[in-house]
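Colleague: Line order of the protein sequences matches chains L and R.
Start counting the first sequence at 1; every next residue gets the next number (the numbering used here).
Start counting the second sequence at 132; every next residue gets the next number (the numbering used here).
Note that CB positions come from ideal geometry on N, CA and C, so glycine has one too.
Dropping the structure in here first, questions after.
2 protein chains.
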Amino acid sequence: MSPRTNPRAANTPRKRVAAIRRTLRNRTLQKNASIFAALGDPTRLRLVAALCTGSALSIAQLTSGTDITRQAVTKHLRVLADAGLVHGVKLGRERRWELEPSRIDDARRSLDAIAQQWDQALTKLKAFVER
Amino acid sequence: MSPRTNPRAANTPRKRVAAIRRTLRNRTLQKNASIFAALGDPTRLRLVAALCTGSALSIAQLTSGTDITRQAVTKHLRVLADAGLVHGVKLGRERRWELEPSRIDDARRSLDAIAQQWDQALTKLKAFVER
DNA sequence: ACCGCACGCAACCTGCTAGTTGCATTTATT
DNA sequence: AATAAATGCAACTAGCAGGTTGCGTGCGGT
């Protein structure tokens, strides 16, 4: 048997196996993954933190205090923008970048969902054990 | 002047520039970045979701329903474990993996901090504008 | 004792990602 | 008009991350 077609393992009920498979195939998470991926780089996370301090900042400002090039910062901003976490507006000869707080909330909701689902499963399990 | 030593841009007060630089150099975020990076892959996010459904699952179970190899799943679990999001216990000839919900909370707190900081900055700005 | 299942380890391939350098373009400033 | 500032664009490099294949190992059931 091919190693990837592993129908059932141990003694897990078929229904649960089906549920797990459904979860594993779920496509809803694909979108949220991009947000986490965007936040998953230390440099980018620092950029986000810097933008949290309030006003919209230019690339030059965001580059100052970093040990990478301005172009590298530009690329990171591009990634963050693609994830919808940030957007920039042209202002004269510079471009100011600011946060998109709604996306942060999206990510937070996603984590909330995970945590909640886990808690729920835990209480169910507890109920089952204590029955 | 080198393009990376860009001391001040536009007409931003020096104090704020210093604050931004401090934020950009902050190392506290480094750790959280690894959590987000771990969650930043669709496959891994699905694994987490599958583990949310309750019981601890074996690698074979987690592989079933995916179109990747068992070894790929193993690697992803390794990444998740390195981020502290998951841990496995040997159980006979198989190894069951389960969530570490405290780390999820860590990530959530991190996002909360960002959102809160942003809100705070917003209200400050609003207060300034409406003065 | 034997066979099969679940897993670990190591080597390898491949594409993307972070980062750089060099140059062009637009906008202020004097 | 000329210069400097802030940014954009393109090509290039190096390294890592996701994925596979192949094989070895330990545990379980019969």
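Using only CA atoms, which one of L/A115, L/R108, L/D119, L/D112 lies nearest to R/I245?
Modeller: For R/I245, the nearest C-alpha among the options comes from L/R108.
Colleague: Using CA atoms only, rank isn't needed, just tell me which of L/G54, L/A49, L/Q30, L/V17 is closest to R/K255.
Modeller: With distances taken between Cα atoms, R/K255 lies closest to L/G54.
Colleague: Which first and last residues belong to the alpha helix (DSSP H) in which R/R209 is found?
Modeller: Segment 201-213, the alpha helix (DSSP H) holding R/R209.
Colleague: Determine the direct distance from the alpha carbon of R/V179 to that of L/Q30, and round the result to whole angstroms.
Modeller: If you take the alpha carbons of L/Q30 and R/V179, they lie about 13 Å apart.
Colleague: Who are the neighbours of R/G219 on chain L, taking C-beta pairs under 7 Å?
Modeller: Here the premise fails: no neighbours, minimum Cβ distance about 14 Å.
Colleague: Just how far apart, CA to CA, sit R/T205 and R/A168?
Modeller: Their backbone Cα atoms lie some 17 Å apart in a straight line.
Colleague: Taking 8 Å as the CB-CB cut-off, is L/L111 touching chain R?
Modeller: By this cut-off, L/L111 is an interface position.
Colleague: With 8 Å as the threshold, decide whether the Cβ of L/D41 is near any Cβ in chain R.
Modeller: For L/D41, the answer is yes, since a Cβ of chain R falls inside 8 Å of its Cβ.
Colleague: Please identify, using Cβ separations under 8 Å, the residues of the stretch 90-124 of chain L that lie next to chain R, in order along the chain.
Modeller: Those would be E94, L99, P101, I104, D105, A107, R108, L111, D112, I114, A115, Q117, W118, D119, A121, L122, K124, in chain order.
Colleague: So, with DSSP's three-state summary, where would you put L/S58?
Modeller: DSSP places L/S58 in strand when its eight states are reduced to three.
Colleague: Return the bridge partner residues of R/K221 from the DSSP annotation.
Modeller: For R/K221, which the question treats as bridged, DSSP gives the partners R/R226.
Colleague: Check whether the stretch 201-220 of chain R touches the stretch 55-71 of chain L, taking contact to mean three or more Cβ pairs, one atom from each stretch, closer than 8 Å.
Modeller: Touching, no, given that fewer than three Cβ pairs across the two stretches are closer than 8 Å.
Colleague: Counting C-beta neighbours from all protein chains within 10 Å, is the total for L/I68 16 or more, i.e. buried, or is it exposed?
Modeller: Its Cβ having fewer than 16 others within 10 Å, L/I68 is exposed.
Colleague: R/E229 and R/L182 - do their beta-carbons sit closer together than 8 Å?
Modeller: Taking 8 Å as the Cβ cut-off, R/L182 and R/E229 qualify as a contacting pair.
Colleague: According to a CB-to-CB cut-off of less than 9 Å, which residues of the stretch 183-201 of chain R neighbour chain L?
Modeller: Listed by position along the chain: C183, T184, G185, S186, L188, S189, I190, A191, Q192, L193, T194, S195, G196, T197, D198, I199, T200, R201.
Colleague: Determine the burial state of L/R78: buried for a count of at least 16 other Cβ atoms within 10 Å of its Cβ, exposed for fewer.
Modeller: The residue in question, L/R78, is exposed, as its Cβ has fewer than 16 Cβ neighbours within 10 Å.
Colleague: Spell out whether any CB of chain R is found under 8 Å from the CB atom of L/A37.
Modeller: So, interface residue.
Colleague: Leaving aside the five residues before and after R/N163 along the sequence, list all residues of the same chain whose C-beta is less than 6 Å from its C-beta, in chain order.
Modeller: So the qualifying residues of the chain are S241.
Colleague: In this structure, how does DSSP classify L/D41 when only helix, strand and coil are distinguished?
Modeller: Coil.
Colleague: For L/L51, which three-state DSSP category applies?
Modeller: Helix at L/L51.
Colleague: Suppose you measure from the CA of L/S34 to the CA of L/A83; what does that come to, to the nearest Å?
Modeller: L/S34 and L/A83: Cα-Cα distance of roughly 6 Å.
Colleague: Give me the residue from R/D243, R/W249, R/I235 with the minimum Cα distance to R/L176.
Modeller: Answer by Cα proximity: R/I235.
Colleague: Kindly indicate which three-state DSSP category L/V17 falls into: helix, strand or coil?
Modeller: If DSSP states are grouped into helix, strand and coil, L/V17 belongs with the helices.
Colleague: Leaving out five residues before and five after R/S189 in sequence, what residues of the same chain have Cβ atoms less than 7 Å from its Cβ?
Modeller: Same-chain partners within the cutoff: E225, R226, R227.
Colleague: Round the Cβ separation of L/G88 and L/A81 to the nearest angstrom and send it over; I've been treating them as touching at under 8 Å.
Modeller: At roughly 7 Å, the Cβ-Cβ gap stays under 8 Å, so L/G88 and L/A81 are in contact.
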